[in-house]
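Chemist: My questions all concern the structure below.
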Amino acid sequence: RALIFTTLGMALPFLTLASVWWWLDDRRQPWLIGLFLVLYFLFFSATGLNQLVDGTLQGKLIRPTRRGRLLGIAGIIGSTGAVCAAYFLLRPWIQLPNHDGFVYIFLFNGSAYFIAGLMANLCYERPDKPSAERPARPPWWTPFVRAWQTFRDDQRFRRAAWMATLFMTGLLLFPHYQALAREMLGTSDLDIIWWVIAQNISVGLLSPVFGGIADRFGNRLALRFASFLAALTPLIAVLLASPWFPFGRQWFWITYVFLGITPVTMRTIANYTLELVPREKHPQYLSTMTICYTIPFLLSPLLGAVIDLIPWQMPFLAVSGTIACGGLLTFRMAEPRHDDTACG
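According to this note's numbering, the stretch in the sequence shown is residues -19 to 324, in order.
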């Protein structure tokens, strides 16, 4: 039930945006920025809860040595649909006058999440046995205290959390890749479509590769390969945007091929977390890892300001080094697949 409601919750912001965008003749309204930020917040809140519920459900239904296969199948199906949608739908929609195409873009995304929420009814799980006594409702800060205790007391999880936090700094640069290409290479909105296609093809190809590594050798090795490959992404962007590379605009899509590593790695981190502890602790550990994900985003405004103040190459190189440090941390992480105490 939680999976259904959180997926439907992801649909609501897009359907609202589609309705508002269709209703407005003049889209340059000052209040539209505030509405967009509120809906943006609601969408990613629902997304975080959805990922938590989905991870918990996978920990309940899928055994550890088959989660990588599920990652691969989902990546292939999802990327195929995304590539087809980008080529056949997004490309003509984004060229409509007066930005009318965003009505269809928002409506398509909202409808897809709505259908996915209805399809969640097809999942079947046995309900957990209810406790004999219903515990009292704890204060609102209790989950954060428990998250800190989890991070403090479990060394294996703490090392994985540090690795995940360092890896997630790569997402801070995500909007800056597009800005970099536009300012340094003169790219257009149509170029973005080809980048989206390249990224989704990458996800479809990498998902079964990393999923197979995770199933056969453990998630730690998959995370190690993913971290070091992801660390190359900012370096490739710097090279392609530099005057030393005369064909940077034609080849900038390679940057987005490497960006396809990010969603695959996030799913692999969740699978690694599931294997650290027994099933009854999955929600606590996954939610704590989600908090670790969000820490780098607190630095997002600072990074944007720094890019404007110093040579733009330096923040990109710094993020590359940070992700690589996360890769080095995998050598100190435990492999729960070989640990008899892990039951996830």
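Every residue gets a Cβ at the ideal spot worked out from N, C-alpha and C, and that includes glycine.
Remember, predicted model here, so these are calculated numbers, not experimental data.
1. Can you list the alpha helix (DSSP H) stretches of 4 or more residues lying completely in the stretch 172 to 218, in chain order?
2. Between which two residues does the alpha helix (DSSP H) carrying Thr310 extend?
3. My output table needs one value for Cys103: the three-state DSSP class, helix, strand or coil.
4. Here's the rule I'm using: 16 or more other beta-carbon atoms within 10 Å means buried, otherwise exposed. How should Gly184 be labelled?
5. Just checking: is the beta-carbon of Gly61 within a distance shorter than 8 Å of some beta-carbon in chain D?
6. In whole angstroms, what separates the C-alpha of Ala96 from that of Thr(-13)?
7. Indicate whether Ser187 and Ile56 have their beta-carbon atoms separated by less than 8 Å.
8. Are the CB atoms of Gly(-11) and Thr270 within a distance shorter than 8 Å?
9. Can you grab the Cα-Cα spacing for the pair Ala285 / His318, in whole Å?
10. From Asp195 to Met246, what distance separates their C-alpha atoms?
11. Quick check on the DSSP output: what are the complete alpha helix (DSSP H) runs of length 4 or more inside the stretch 12 to 69, in order along the chain?
12. Count the other CB atoms within 10 Å of the CB of Leu152; is the residue buried (16 or more) or exposed (fewer)?
13. Would you mind giving the Cβ-Cβ distance between Ala314 and Thr248, rounded to the nearest angstrom? I have them listed as a contact below 8 Å.
14. I'd like the span of the alpha helix (DSSP H) that includes Phe154, first residue to last.
15. Of all the options Trp3, Leu212, Asp134, Ile181, which has the alpha carbon lying nearest to the alpha carbon of Ala54?
16. Taking C-beta to C-beta, are Phe23 and Pro72 nearer than 8 Å?
17. Could you check what DSSP says for Arg247 in three-state terms: helix, strand or coil?
18. Over the uninterrupted alpha helix (DSSP H) stretch that includes Phe238, give me the two end residues.
19. Are the beta-carbon atoms of Leu220 and Gly228 separated by less than 8 Å?
20. Can you tell me where the alpha helix (DSSP H) with Gly284 in it begins and where it stops?
21. Considering Asp133, what are the terminal residues of the alpha helix (DSSP H) in which it resides?
22. Does the beta-carbon of Leu297 have 16 or more other beta-carbons within 10 angstroms, so that it is buried, or is it exposed?
Modeler: Let me lay it out:
1. 199 to 210
2. Here the question's residue 310 lines up with position 330 in the sequence shown. Unbroken run through Thr310: none, as it is neither H nor E.
3. Translated into positions along the sequence shown, residue 103 becomes position 123. Note: Cys103 maps to coil in three-state DSSP.
4. Here residue 184 is taken as the residue at index 204 of the sequence shown, counted from 1. Classification for Gly184: buried.
5. Considering every chain present, this structure includes no chain D. It has just one protein chain.
6. Along the sequence shown, one-based indexing puts residue 96 at 116. Along the sequence shown, one-based indexing puts residue -13 at 7. The straight-line gap from Cα to Cα measures roughly 7 Å.
7. One-based indexing of the sequence shown puts residue 187 at position 207. One-based indexing of the sequence shown puts residue 56 at position 76. The answer is yes: Cβ separation under 8 Å.
8. Against the sequence shown, residue 270 aligns to sequence position 290. Against the sequence shown, residue -11 aligns to sequence position 9. Going by C-beta atoms, Thr270 is not nearer than 8 Å to Gly(-11).
9. Sequence index remark: in the sequence shown, residue 285 carries index 305 (1-based). Sequence index remark: in the sequence shown, residue 318 carries index 338 (1-based). Going from the Cα of Ala285 to the Cα of His318 covers about 45 Å.
10. Translated into the one-based positions of the sequence shown, residue 195 becomes position 215. Translated into the one-based positions of the sequence shown, residue 246 becomes position 266. Cα-Cα distance, rounded: 16 Å.
11. 47 to 65
12. Residue numbering aside, residue 152 sits at position 172 when the sequence shown is read from its first letter. That one is buried.
13. Position 334 of the sequence shown, counted from the start, is the residue given in the question as residue 314. Position 268 of the sequence shown, counted from the start, is the residue given in the question as residue 248. At roughly 15 Å, the Cβ-Cβ gap does not stay under 8 Å, so Ala314 and Thr248 are not in contact.
14. Position 174 of the sequence shown, counted from the start, is the residue given in the question as residue 154. Note, Phe154: alpha helix (DSSP H), 154 to 165.
15. Sequence index remark: in the sequence shown, residue 54 carries index 74 (1-based). Among Trp3, Leu212, Asp134, Ile181, the Cα nearest to that of Ala54 is on Ile181.
16. Position 43 of the sequence shown, counted from the start, is the residue given in the question as residue 23. Position 92 of the sequence shown, counted from the start, is the residue given in the question as residue 72. No. Outside cutoff.
17. Counting from 1 along the sequence shown, the entry for residue 247 is found at position 267. Helix, per DSSP.
18. Counting from 1 along the sequence shown, the entry for residue 238 is found at position 258. Taken as a continuous stretch (DSSP letters only), the alpha helix (DSSP H) holding Phe238 covers 233 to 239.
19. Here the question's residue 220 lines up with position 240 in the sequence shown. Here the question's residue 228 lines up with position 248 in the sequence shown. Contact: yes.
20. Within the sequence shown, the letter at position 304 stands for residue 284. Run containing Gly284: 280 to 289, per the alpha helix (DSSP H) assignment.
21. The residue given as residue 133 occupies position 153 in the sequence shown. Run containing Asp133: 122 to 133, per the alpha helix (DSSP H) assignment.
22. Position 317 of the sequence shown, counted from the first residue, corresponds to residue 297. Exposed, by the Cβ-count rule.
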